[in-house]
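Okay, so here's the structure we're looking at.
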Amino acid sequence: MKYLRNQDVLHELLISFVIGIVCMVITYPFVGGYAFLFLFLMLVLVGIHYYFSIKRYEQIAQLSLSLDKVLHGSAIRIDEQYEGELSILSDEISKMVIKLNEQTELLQKDKVRLTNAIADIFHQMRTPLTSINLSLTVLNDDHLSNDKALYYRRDIKKQLEKLQWLIETLLKMSKIDAKTAIFHRQELPTKDILTKAIEPFAIPMELKDQKCVLNCTNEKMFVDEQWTMEAFSNLIKNAMEHTPDGGMIQLNVSENPLYTEVIVQDNGEGILEEDIPYMFERFYKGKNAKPESVGIGLAFARMIITAQNGTISVKNHPDGGACFTVRFYKQII
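With the first letter of the sequence shown counted as 1, position 99 gets the number 120 in the working numbering; the numbers rise by one all the way through.
Have a look at this one:
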């Protein structure tokens, strides 16, 4: 009886009843008692119509209830079987619900990832800040020698530079994540980019008696110069840190019709096999990582490379050391 409160159903019943009475009155003088039979058949048809109308409204009510559950955060699937237009509507709603559930899961994962990232950032910043705080405490000692004071000032400067690099790198990574970083890609000589990427490490390598050999001729890459220099700088820095004194770093470049390939190879201790699958994850530090390692350099390099239609992989060289392979694919016209 609750559906009699539905204005559409009530109007249909009243109109059908009135039409039946009018038809009976009009036909009674011509057919006599058969007019009542006509009225009976009309009422049967109205009853059948009412039955299917109620069934349809019940299905709509069920869909409405399911949508209400979705709006209140329930992850449900609409599996009821319907017919006709309701079947199409049900399918479309099911697709929408599945899409909403997927987006909810992605948002939850993003939330967890953001929480973990904030915790990692805090952890990475806490170490240099603690070191700076301790150095400042020691510098307050009036009896501190000049040599010791100079040592702690240099340590503060070193930690501040580390903090600055960390913050700047995280900001750049967030730009790439948000797809707001601008890449001015053009065809450039690979040798020029790699030479500029090596330059900042010339003095540190000289102090460690390391050699950096660039095997490159006229190969070209379709990339953004500044971003790509930064990516290779991180790879070279990583190679330098894991190459022993007197060791060698090689950058071997080759080109074919599909891509330009750069292999950054060192002769250090290599990478543990268990660490290889995670080398490009943000804040991941392998078992052989240096104590001062932050764990974002390789992740940052990978983000820059993949954002420019490139790929990067890593493996251990048979002769020892790590081997990073970078490929930048040609522009598709």
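We put the CB at the ideal spot given by N, CA and C, even for glycine.
Nearest C-alpha to K232 among Q286, D112, N122, K196: Q286. Spatial neighbours of Y280 in its own chain (CB-CB distance under 7 Å, excluding positions within 5 residues in sequence) are listed in chain order as R348, F349, Y350, K351. Of the candidates E262, G267, K116, F345, F345 places its Cα closest to the Cα of I297. Counting C-beta atoms within 10 angstroms of its own C-beta, D230 has fewer than 16 neighbours from the protein chains shown and is therefore classed as exposed. Inter-segment contact for the stretch 235–254 and the stretch 268–284 is present: three or more beta-carbon pairs are separated by less than 8 Å. Here P225 is exposed, its C-beta having fewer than 16 other C-beta atoms within 10 Å. Assignment of E276 by DSSP, reduced to helix, strand and coil, places it in the strand class. In the DSSP annotation of this structure, the continuous segment of the alpha helix (DSSP H) that includes S195 starts and ends at 167–198.
With a cutoff of 9 Å on beta-carbon distance, L209 and V244 are scored as near each other.
Burial check for N259: the Cβ neighbour count within 10 Å reaches 16 or more, so the residue is buried. In summary, S87 is buried, with 16 or more beta-carbon neighbours lying within 10 Å of its beta-carbon over all protein chains present.
Contact check between the stretch 265–277 and the stretch 317–334: fewer than three CB pairs, one atom from each, fall below 8 Å, which does not count as touching. By DSSP's assignment, N337 forms a beta bridge with A343.
Secondary structure at F253: helix, using DSSP grouped into helix, strand and coil. When rounded, the separation of the alpha-carbon atoms in Y72 and I47 is 28 Å. Here M117 is exposed: its Cβ has fewer than 16 other Cβ atoms, across all protein chains shown, within 10 Å. Straight-line measurement puts the Cα of T125 at about 20 Å from the Cα of D112. G289 sits in coil when the DSSP states are folded into three classes, being neither helix nor strand.
Partner residues in the beta bridge of N236, as assigned by DSSP, are N273.
When DSSP reads this structure, V283 sits in a beta bridge with V274, V347.
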